[in-house]
Amino acid sequence: MERREFHANSSLKPSITSEKKRKARRESTSTMEELKEKTRIALQKGLDPTAAMKFIDTLQWLGISYHYEEEIDVWLEKLQHWNAPEHDLQATALRFRLLRQNSRPVNSDIFTKFMVRKQDKEGLLCLYEASYLGTSDEYILSKAMTFAEKELKLMARSTTLPRHFSWPISRALELPRHLRMERLESRLYIDEYSNQSHPNDHLLKLAKSDYNHVQSLYQMELAEVFRWLKHLGLTDKLSFARNRPMECFLWTVGIFPHPKYFSVRIEMAKSIAILLVLDDIFDTYGNIEELSLFTQAIQRWDLNAIEELPEYMKICYMALYNTTNEIAYHVLKEQGRNILPYLAKMWIDTIEAFMVEVEWFNNGHTPCIEDYLRNGITTSGSYMALVLSFFLTGEGINEQNVKYMAKPYPKIFSISGEILRLWDDLGTAKEEKDRGDNSSVVTLLMKENKLASEDEAREHIMELIQNLWKDLNRELLGSSKLPLTLINACFNMSRTSQVIYQHQEDSYFSSVDKFVDIILFDPIKI
Numbered sequence: 003m004e005r006r007e008f009h010a011n012s013s014l015k016p017s018i019t020s021e022k023k024r025k026a027r028r029e030s031t032s033t034m035e036e037l038k039e040k041t042r043i044a045l046q047k048g049l050d051p052t053a054a055m056k057f058i059d060t061l062q063w064l065g066i067s068y069h070y071e072e073e074i075d076v077w078l079e080k081l082q083h084w085n086a087p088e089h090d091l092q093a094t095a096l097r098f099r100l101l102r103q104n105s106r107p108v109n110s111d112i113f114t115k116f117m118v119r120k121q122d123k124e125g126l127l128c129l130y131e132a133s134y135l136g137t138s139d140e141y142i143l144s145k146a147m148t149f150a151e152k153e154l155k156l157m158a159r160s161t162t163l164p165r166h167f168s169w170p171i172s173r174a175l176e177l178p179r180h181l182r183m184e185r186l187e188s189r190l191y192i193d194e195y196s197n198q199s200h201p202n203d204h205l206l207k208l209a210k211s212d213y214n215h216v217q218s219l220y221q222m223e224l225a226e227v228f229r230w231l232k233h234l235g236l237t238d239k240l241s242f243a244r245n246r247p248m249e250c251f252l253w254t255v256g257i258f259p260h261p262k263y264f265s266v267r268i269e270m271a272k273s274i275a276i277l278l279v280l281d282d283i284f285d286t287y288g289n290i291e292e293l294s295l296f297t298q299a300i301q302r303w304d305l306n307a308i309e310e311l312p313e314y315m316k317i318c319y320m321a322l323y324n325t326t327n328e329i330a331y332h333v334l335k336e337q338g339r340n341i342l343p344y345l346a347k348m349w350i351d352t353i354e355a356f357m358v359e360v361e362w363f364n365n366g367h368t369p370c371i372e373d374y375l376r377n378g379i380t381t382s383g384s385y386m387a388l389v390l391s392f393f394l395t396g397e398g399i400n401e402q403n404v405k406y407m408a409k410p411y412p413k414i415f416s417i418s419g420e421i422l423r424l425w426d427d428l429g430t431a432k433e434e435k436d437r438g439d440n441s442s443v444v445t446l447l448m449k450e451n452k453l454a455s456e457d458e459a460r461e462h463i464m465e466l467i468q469n470l471w472k473d474l475n476r477e478l479l480g481s482s483k484l485p486l487t488l489i490n491a492c493f494n495m496s497r498t499s500q501v502i503y504q505h506q507e508d509s510y511f512s513s514v515d516k517f518v519d520i521i522l523f524d525p526i527k528i
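Note that the sequence shown covers residues 3 to 528 in this note's numbering.
So this is what it looks like as structure tokens:
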């Protein structure tokens with residue numbers, strides 16, 4: 003990836019300019035607080051359930067619902083004991099989606115009666131969006147998806163459909179909201195909301211100001227990651243290793259967009275940066291004897307184990323060891339919990355999985371798809387990211403669920419990790435093939451299922467991903483012993499993997515560089 007220059011330590015401006023900026027910042031903060039209070043009052047008073055759902059839905063689209071978590075929880079509790087009007091598909095589907103995505107019980111059978119006659123545009127769109135939260139055994143939602151998609155495609159062909167209908171329909175058909183990366187979606191929706199005929203002016207102003215405010219927070223966090231990388235000197239000393247701090251940080255924004263998770267994003271970005279270096283060592287640089295020694299040293303998790311390693315591996319080992327210990331110390335200090343044994347074991351699992359891939363390649367062994375994916379979930383960094391997420395957020399941890407942060411990892415980790423691995427392979431299969439590594443799920447599928455073309459394999463993988471999303475949705479049915487924050491992180495990791503790896507011109511998916519610019523650097527004009 004072409005790296006955009008980011009100056010963490012800009013020179014100081016004249017004091018008068020700084021004072022003007024401080025004054026402008028104070029005024030902006032005051033205005034935002036007034037706007038937030040207006041919205042809070044509106045949520046608390048004078049709304050019927052349908053109007054409240056539409057309002058909450060808009061807040062989520064605009065990326066500002068996190069300011070009103072308590073008020074929204076109150077409404078969700080009310081909605082759980084409220085039934086939408088008999089023939090109101092839009093209200094029924096909105097209620098279902100809002101409750102289901104917050105892991106609140108709601109039955110999908112309510113949609114049966116709506117697929118026997120022509121429905122209104124808004125209702126069909128809401129039904130289509132809701133259907134993507136279904137599980138593999140919710141037949142009615144699969145039927146609803148097919149029904150709504152067919153009707154929406156017919157509408158999309160109409161040349162007389164007004165833009166305020168055609169735009170959301172075309173977006174949903176391209177990719178439903180449930181699969182979209184939250185922060186990117188908010189930016190795109192703010193731009194579109196601005197062009198609507200009658201937007202809520204104070205909501206729009208709040209959304210724009212808040213987006214720019216959160217973006218400035220992200221920039222400060224990114225500057226911290228840059229400072230850490232420069233001080234570490236890892237990629238300077240290891241010239242073969244990828245140096246992609248902004249892509250690493252984009253992952254963390256995708257998984258944890260909420261501003262309050264600033265330390266989670268910083269620490270996770272550091273770990274992802276080190277993971278990339280480890281991947282390069284195992285994938286392209288180290289020989290099998292060195293890699294075997296490195297794996298044994300990591301398994302010991304002891305600094306004395308590095309003495310027999312070549313210099314470049316000593317540098318990497320020290321970076322991994324020290325960074326992991328620093329994260330463990332941070333959690334111990336903040337939460338009083340010693341997580342070092344879990345983090346060390348998580349990294350040992352990751353390195354051992356890298357070594358398995360090296361041995362496959364070195365021995366000319368072609369694994370079966372099942373073995374490849376099982377191992378590939380680990381090498382993708384999925385378990386690493388989610389174990390870190392669990393401990394760094396510190397939310398909902400108890401004596402029972404902390405035991406799940408080691409092999410065998412929770413099923414939802416594996417599902418989310420498999421989605422990531424499949425998107426990764428779809429995005430990098432050609433690169434892997436060009437360097438002689440045929441252990442990609444694309445090539446394995448072609449061989450194992452005797453498929454005639456790569457396009458067939460890719461279609462099959464897309465079906466696998468769609469089915470995995472249904473498995474992921476099952477975790478929203480309320481049976482999981484993991485905190486909702488962590489469950490949401492699993493969903494967000496799956497969403498972000500599609501953004502990172504699916505690149506298509508003239509579509510929602512263009513390039514990582516573009517997403518970095520939109521989310522981290524380009525403010526919204528107010």
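We put the CB at the ideal spot given by N, CA and C, even for glycine. These figures come from a predicted structure and were not determined experimentally.
Taking a contact to mean a Cβ-Cβ separation below 8 Å, would you say residue i touches residue j in this structure?
{"i": "isoleucine 192", "j": "isoleucine 521", "result": "no"}
{"i": "leucine 478", "j": "serine 138", "result": "no"}
{"i": "glycine 125", "j": "leucine 91", "result": "yes"}
{"i": "alanine 387", "j": "methionine 248", "result": "no"}
{"i": "phenylalanine 98", "j": "alanine 132", "result": "yes"}
{"i": "serine 168", "j": "glycine 65", "result": "no"}
{"i": "alanine 321", "j": "leucine 224", "result": "no"}
{"i": "aspartate 282", "j": "phenylalanine 228", "result": "no"}
{"i": "glutamate 461", "j": "isoleucine 371", "result": "no"}
{"i": "valine 360", "j": "leucine 293", "result": "yes"}
{"i": "threonine 41", "j": "tyrosine 70", "result": "yes"}
{"i": "leucine 345", "j": "glutamate 420", "result": "no"}
Can you give the Cα-Cα distance for residue i and residue j, rounded to whole angstroms?
{"i": "phenylalanine 523", "j": "tyrosine 220", "result": "9 Å"}
{"i": "glutamine 298", "j": "methionine 348", "result": "15 Å"}
{"i": "methionine 260", "j": "phenylalanine 113", "result": "According to the sequence displayed, residue 260 carries histidine and not methionine. Their backbone Cα atoms lie some 32 Å apart in a straight line."}
{"i": "asparagine 494", "j": "isoleucine 257", "result": "5 Å"}
{"i": "aspartate 50", "j": "lysine 80", "result": "11 Å"}
{"i": "phenylalanine 231", "j": "asparagine 340", "result": "Sequence check: residue 231 is leucine here, not phenylalanine. Spanning the two alpha carbons is a distance of roughly 25 Å."}
{"i": "leucine 143", "j": "glutamate 354", "result": "41 Å"}
{"i": "tryptophan 425", "j": "glycine 383", "result": "13 Å"}
{"i": "alanine 174", "j": "valine 333", "result": "40 Å"}
{"i": "valine 518", "j": "lysine 210", "result": "18 Å"}
{"i": "methionine 34", "j": "threonine 368", "result": "57 Å"}
{"i": "isoleucine 350", "j": "glutamate 310", "result": "18 Å"}
{"i": "glutamine 103", "j": "aspartate 75", "result": "12 Å"}
{"i": "proline 107", "j": "asparagine 85", "result": "13 Å"}
{"i": "leucine 96", "j": "leucine 78", "result": "11 Å"}
{"i": "glutamine 46", "j": "glutamate 73", "result": "7 Å"}
{"i": "histidine 481", "j": "leucine 474", "result": "Here the sequence assigns serine to residue 481, which means histidine is not the residue at that position. Each residue's Cα considered, the two are about 12 Å apart."}
{"i": "asparagine 324", "j": "histidine 233", "result": "13 Å"}
{"i": "threonine 326", "j": "leucine 277", "result": "12 Å"}
{"i": "arginine 6", "j": "serine 265", "result": "With a pLDDT of only 36 at arginine 6, under the threshold of 50, the placement of this residue in the model should not be trusted, and no figure is reported."}
{"i": "methionine 147", "j": "glutamine 121", "result": "14 Å"}
{"i": "arginine 182", "j": "alanine 44", "result": "28 Å"}
{"i": "leucine 37", "j": "glutamate 153", "result": "39 Å"}
{"i": "glutamate 465", "j": "serine 441", "result": "20 Å"}
{"i": "threonine 445", "j": "leucine 453", "result": "9 Å"}
{"i": "asparagine 365", "j": "glutamine 468", "result": "34 Å"}
{"i": "glutamate 291", "j": "leucine 127", "result": "57 Å"}
{"i": "isoleucine 58", "j": "arginine 302", "result": "51 Å"}
{"i": "alanine 459", "j": "arginine 376", "result": "19 Å"}
Going by CA-CA distance only, name the one from the options that's closest to residue i.
{"i": "proline 164", "options": "Asn197, Asp426, Ile341", "result": "Asn197"}
{"i": "leucine 190", "options": "Pro170, Arg302, Lys123", "result": "Pro170"}
{"i": "glutamate 39", "options": "Val76, Leu428, Leu205, Cys128", "result": "Leu205"}
{"i": "glutamate 140", "options": "Asn109, Gly383, Val389", "result": "Asn109"}
{"i": "phenylalanine 284", "options": "Glu269, Phe356, Asn245", "result": "Phe356"}
{"i": "alanine 343", "options": "Met407, Asn306, Thr380, Tyr319", "result": "As written in the sequence, residue 343 is proline, which differs from the alanine given in the question. Proline 343 has its Cα closest to that of Met407, out of Met407, Asn306, Thr380, Tyr319."}
{"i": "alanine 483", "options": "Glu456, Ile502, Ile414", "result": "As written in the sequence, residue 483 is lysine, which differs from the alanine given in the question. Ranking Glu456, Ile502, Ile414 by Cα distance to lysine 483 puts Ile414 first."}
{"i": "tyrosine 503", "options": "Arg497, Gly429, His215", "result": "Gly429"}
{"i": "leucine 61", "options": "Gln217, Leu100, Phe116, Gly338", "result": "Leu100"}
{"i": "arginine 497", "options": "Leu154, Lys120, Pro178, Tyr70", "result": "Pro178"}
{"i": "asparagine 245", "options": "Lys272, Val255, Tyr263", "result": "Lys272"}
{"i": "lysine 2", "options": "Arg159, Tyr385, Asn469", "result": "Given a span of 3 to 528 for the chain in the structure shown, any question on residue 2 remains unanswerable."}
{"i": "alanine 491", "options": "Ser418, Val443, Leu345, Leu129", "result": "Ser418"}
{"i": "leucine 186", "options": "Asn202, His166, Tyr213, Thr162", "result": "Tyr213"}
{"i": "histidine 166", "options": "Val501, His215, Gly398, Pro201", "result": "Pro201"}
Assuming residue i and residue j make a contact with CB atoms under 8 Å, what is their CB distance in whole Å?
{"i": "valine 563", "j": "leucine 252", "result": "Past the edges of the chain, shown from 3 to 528, lies residue 563, and the structure says nothing about it."}
{"i": "leucine 422", "j": "serine 499", "result": "4 Å"}
{"i": "leucine 305", "j": "valine 279", "result": "That pair is no contact at about 18 Å."}
{"i": "glutamate 226", "j": "isoleucine 268", "result": "5 Å"}
{"i": "glutamine 337", "j": "glycine 288", "result": "Actually they do not touch by this definition, with Cβ atoms about 36 Å apart."}
Please decide whether residue i counts as near chain C, where near means a Cβ-Cβ distance under 8 Å.
{"i": "methionine 147", "result": "Among the chains in the structure shown there is no chain C, since it carries only a single protein chain."}
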